[in-house]
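The working numbering puts the first residue of the sequence shown at 1283, with every later residue one more than the last. Shown next, in structure tokens, is the structure this report addresses.
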Amino acid sequence: MISSLLLRSCLPSAIRNILKAAPIRNSSSMMEGLQPASVVVLPRSLAPAFESFCQGNRGPLPLLGQSEVEKTLPQLNTVPGIRSICPQFEKYEFGACTGLLTSLEEYSEQLKDMVTFIMDCSFSIDEALEQAGIPRRDLTGPSHAGAYKTTVPCGTIAGFCCPLVVTMRPIPKDKLERLLQAAHSMGGWQGQPIHIGDPELLGIKALSKPDYGSYVQCRPEDVPVFWPSQLTSLEAIIGCKVPLAFSSPPGCTVTLPKDTVSPASCLTPEMVPEVHSISKDPLHYSIVSAPAAQKVRELESTIAIDPGNRGISHLLLKDQLLQSALSLSHARSVLVTTGFPTHFNHEPPEETDGPPGAIALAAFLQALGKETAMVVDQRALNLHMKIVENAVKQGVLKTPVPILTYQGRSMEDAQAFLCKDGDPKSPRFDHLVAIERAGRAADGNYYNARKMNIKHLVDPIDDLFLVAQKIPGISSTGVGDGGNELGMGRVKEAVKKHIRNGDVIACDVAADFAIIAGVSNWGGYALACALYILNSCQVHDRYLRKATGPSRGAGEERWIQALPSVTKEEKMLGILVQNQVRSGVSGVVGMEVDGLPFHDVHAEMVQKLVDVTTGHM
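Here it is as structure tokens:
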């Protein structure tokens, strides 16, 4: 961003020179060599607070600088023909707009104790559309393109608080990537949207009823794309209820010569955003920088090795780890499940693949501040409670993860478990994750890899995933290594064709995202690492917080501490096996996962994933 100290010195003379020839204008028509800006005039006593508020919410309030009113605004009063173009100011008293003004001459005494703030309006969405080759849609009215008050709060700073205001353009879904690239090249950070998808996720009930301006109509093939709007400054004025303030009217700006201010902060070529669909109901897309996306893809290829030679390469679907992690990054409350009873001479008969990966994911979700719970089989409840208790003692988890069980007998029971008061409009969780969890086959039974029916040992947690498919706002991920795990219904045809006994054991219950790994624990570790990469990405971070409030990078040290490590995963495996006893044999189960010794294969994999994540290659 531009230094406000620099602009305090350069803007007054710039405005005096240019505004003699350049009137207030409608922002939809760009003048050659001129940069559009909007004006906010506030009492001097509020200037430090409002400057801090703008700096803390740079997306909707891109502050170019501030100046003494008496040095910058007198020239506005002499612009010829102003009445035929646009009113120069809106007048606000105690939070209410009380008039449209073409001159501030009658307020000359009050202006002596006021300050002008200049907001950058240089990014033009319509020009980005033109560059991307996307036809501009006609407005339904004579005004500027519509803007909407949202339920997203701007970061409250120095006593200022207000809702974020956004503007929208409908974009054909097959042209989203092209638009983002054009907007990136033209507008830098200002060109990046803050939401792509269902307007209700921003609290906007009806696109046809904008709070400012005229509606731009959507077609069936369109996706609504939203950018932060400088009209947020009007909401700030309204919210602070100052006795007297002035601002540029919606859709109208002043103009500055482009060579008198530094260009807006731009993204480097490496920060070009990628756009990915993460939900169809409600419609929701997310964005991430290309380098961050490539790192996650490297994680995905790293865990795709097949140490058991099961043929899992035939099950791989592109970008499932990336899309699942993006969805989890937007989630507020996550339910994780694990447990595959297959070691029948152990008590309980859980295999060592699954619980360590589930705890690793839960630990990172905690570090991100997300509500996290686990649901497990009733018969293994004590085992998982001991695992969580010891994980907290060993420092793997910061706080205990609630452990739940589910033994419902109907889809109504499953809905009641997932939703508050059973209401599908109020889900308790917005993402379900299964890591090495026994999955229901097409015949209703549950099978291990050897076709042994283990249904009597498995609670119907699959029903939660089936019901979640019908509840808007709940997404799901399945992590597996053989095709018989919960969620692998997404790739069941490939399982039947390429995996031994696949025609019998293939899970029939699909998840939205299917992550395939050589060992399922690796998928849990990779999800935790992918979440670290995404939340450390400036492009994704800005999108998550809707370009309001401070960057969340301040939590990075906490996130690093929550990443999987060889030491942590060895502790988790030790906790698991210490709480399992072989029938008729003293001592604990060996330190193996899927028949592979921890210190040879698994420790090496954990270290590889962390190295890819942190860049230590």
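Positions of the beta carbon are idealized from the N, C-alpha and C atoms, including for glycine.
DSSP bridge partner residues for residue i (one or two, in chain order)
i     : result
Y1494 : A1429
L1565 : K1562
V1504 : Checking the sequence, you will find Asp at residue 1504 rather than Val. Its beta-bridge partners are P1454.
L1421 : V1498
T1401 : Residue 1401 is actually Met in this sequence, not Thr. Answer is S1320, L1345, bridged to M1401.
E1767 : A1720
F1528 : V1323, K1373
L1714 : L1617, S1758
G1479 : H1566
P1435 : P1445
Y1728 : R1722
W1509 : T1449
Collapsed DSSP secondary structure at residue i in the structure displayed
i     : result
C1379 : strand
K1903 : Given that the chain is displayed from residue 1283 to residue 1899, the structure contains no residue 1903 and the question cannot be resolved.
V1870 : With a pLDDT of 37 at V1870, under the threshold of 50, the predicted position of this residue should be treated as unreliable, though the coordinate-derived value follows. Strand, per DSSP.
C1522 : helix
C1336 : helix
K1652 : coil
Y1276 : Any property of residue 1276 remains undetermined from this structure, which presents the chain solely from 1283 to 1899.
L1901 : This structure does not reach residue 1901, given that the chain is present from 1283 up to 1899, and the question cannot be answered.
R1365 : Unreliable positioning characterises R1365 in this predicted model, as indicated by a pLDDT of 33, which lies under 50. A coordinate reading is not provided.
V1892 : helix
Y1389 : helix
K1733 : coil
S1544 : Because S1544 carries a pLDDT of 45, less than 50, the predicted location of this residue cannot be relied on, and the following value inherits that uncertainty. Three-state result, S1544: coil.
E1412 : helix
S1311 : Its pLDDT being 38, under 50, S1311 is placed unreliably in this model, and the value from its coordinates should be taken loosely. Three-state DSSP puts S1311 in coil, outside helix and strand.
H1666 : helix
H1466 : helix
Y1688 : coil
T1584 : helix
F1795 : strand
P1742 : coil
P1706 : coil
A1885 : helix
H1625 : coil
L1597 : helix
C1701 : strand
M1899 : Caution applies to M1899, whose pLDDT of 42 falls short of 50 and renders its modelled position unreliable; the model cannot decide the point.
P1681 : Pro is not the amino acid found at residue 1681; the sequence shown has Thr there. Reduced to three states, the DSSP call for T1681 is coil.
V1536 : strand
P1573 : helix
V1749 : helix
E1671 : helix
E1775 : helix
Nearest candidate by alpha-carbon position, reference residue i, set the options
i     : options                    : result
V1801 : S1847, V1786, R1592, H1666 : R1592
Y1497 : G1479, D1402, H1596, T1449 : T1449
K1272 : G1721, K1600, H1780        : The shown model of the chain, from 1283 to 1899, leaves out residue 1272, and the question about it has no answer.
C1819 : S1406, L1598, K1455, A1607 : A1607
L1513 : K1394, D1493, V1524        : D1493
G1835 : F1399, V1894, K1828, R1824 : R1824
K1680 : F1795, F1399, E1775, I1641 : I1641
S1490 : S1609, P1506, I1476, V1894 : P1506
G1726 : P1424, H1625, L1617, G1771 : G1771
L1816 : Q1860, T1687, C1522, R1579 : R1579
C1811 : L1845, N1730, M1656, S1595 : L1845
R1719 : V1761, A1698, D1745        : V1761
R1710 : E1333, L1746, K1675, A1724 : L1746
L1858 : T1422, A1673, S1611        : A1673
A1613 : A1464, Q1648, T1384, A1792 : Q1648
P1742 : G1347, Q1660, N1783, T1535 : Q1660
E1409 : L1462, G1428, F1399        : L1462
V1570 : L1826, A1488, Q1860        : L1826
V1791 : W1804, N1783, I1781, E1775 : E1775
S1847 : E1838, A1799, T1896, P1832 : T1896
W1804 : T1634, A1331, S1515, S1530 : T1634
V1618 : H1884, H1713, Q1889, N1664 : H1713
S1327 : E1387, I1453, K1394        : K1394
- Query: For the stretch 1661-1669 against the stretch 1841-1858, are there 3 or more C-beta pairs whose distance is under 8 Å?
  - Reply: yes
- Message: Pairs of beta-carbons, one from the stretch 1584-1602 and one from the stretch 1628-1636, closer than 8 Å: are there three or more?
- Response: no
- Is the stretch 1453-1466 touching the stretch 1407-1416, taking contact as three or more C-beta pairs under 8 Å? yes
- Answer yes if the stretch 1465-1473 comes into contact with the stretch 1432-1449, meaning at least three C-beta pairs across the two stretches below 8 Å, and no otherwise. no
- Query: Are there three or more Cβ pairs, one per stretch, closer than 8 Å when the stretch 1748-1755 is compared with the stretch 1764-1779?
  - Reply: no
- Query: Taking three-plus beta-carbon pairs below 8 Å as touching, is the stretch 1754-1764 in contact with the stretch 1653-1665?
  - Reply: no
- Do the stretch 1318-1337 and the stretch 1375-1382 touch if we need at least three Cβ pairs shorter than 8 Å? no
- Query: Are the stretch 1556-1574 and the stretch 1472-1491 touching, with three or more C-beta to C-beta distances below 8 Å?
  - Reply: yes
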